[in-house]
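Asker: There's a structure below that I have some questions on.
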Amino acid sequence: MSLILIAFANKYRLKLKRDPCDGTYIIPGRHGQIYEYSDSELAVMFILLSDQEPSPRTWTSVRRKCVATGMTLRQDGDAEGALSFDPSDLPLAKLAIKIAGIRRVRQISNKHRTKLVDSGSRFKRQEDESTEALWRLGTLAGSRMDLEPTQNEKSGLNDRKSRNRIIEARLCQHSGICQTPAV
């Protein structure tokens with residue numbers, strides 16, 4: 003189950019996708035991806051695109067920087083490799099996002115959102131998709147995590163955002179990665 007990966011993606015506003023090859027969750031980027039390595043660690047895979055010439059010099063530079071900051075080398079190829087890291091360590095998480103070339107999901111301010119709605123523009127509603135994915139994953143896996151708000155909590159809810167905050171607080175208890183303001 004990808005509890006850590008989903009909480010990590012939600013914490014840093016990253017897009018989460020299912021890998022078409024094996025069906026696991028990944029966070030794709032331009033130069034690699036982040037995936038779940040174990041129950042307590044994530045890993046970043048550094049691979050240059052197929053249209054780029056493989057560069058051992060680039061990989062050596064990335065590998066040295068990552069190992070010097072505390073990542074563990076798991077696979078070492080000629081021009082690509084994989085390193086594992088603790089997702090709760092902020093400098094390691096930022097470095098993993100950077101070397102994989104992952105772009106964060108942009109957020110629309112409330113002012114801009116109302117401007118778009120007033121103009122009649124249709125835009126994709128940016129809800130916490132990773133929270134929803136985790137809720138579905140926990141339900142499908144049969145691990146009866148009580149993520150949904152209780153009846154007392156529901157009486158005070160007025161929107162979907164409040165519901166997601168309660169779910170995220172429960173995720174923090176189960177996964178160990180607490181939601182903090184985006185970096």
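Residue numbers (the numbering used here): 3 to 185.
A virtual CB, placed ideally from N, CA and C, is assigned to each residue, including glycine.
Given the structure is predicted, the values throughout are model-derived calculations rather than measurements.
Which residue comes first and which comes last in the alpha helix (DSSP H) that contains R15?
Answerer: From DSSP, R15 is part of no alpha helix (DSSP H); its letter is neither H nor E.
Asker: Based on Cα-Cα distance, which residue from I101, A81 and G79 lies nearest to F87?
Answerer: I101
Asker: Between A45, L7, G79 and E38, which lies nearest to S57 when the distance is taken from Cα to Cα?
Answerer: Here the closest residue by C-alpha is G79.
Asker: From the DSSP output, which residues share a beta bridge with E38?
Answerer: L44
Asker: What separation, rounded to the nearest whole angstrom, lies between the Cα atoms of S121 and I110?
Answerer: 15 Å
Asker: Could you round the C-beta distance between Y14 and R20 to whole angstroms and report it? I think they count as a contact, below 8 Å.
Answerer: Y14 to R20, Cβ: 19 Å. No contact.
Asker: So, using beta-carbon positions, are L16 and I8 closer together than 8 Å?
Answerer: Contact flag unset, no.
Asker: For P93 and V119, I'd like the C-alpha separation in whole angstroms.
Answerer: 38 Å
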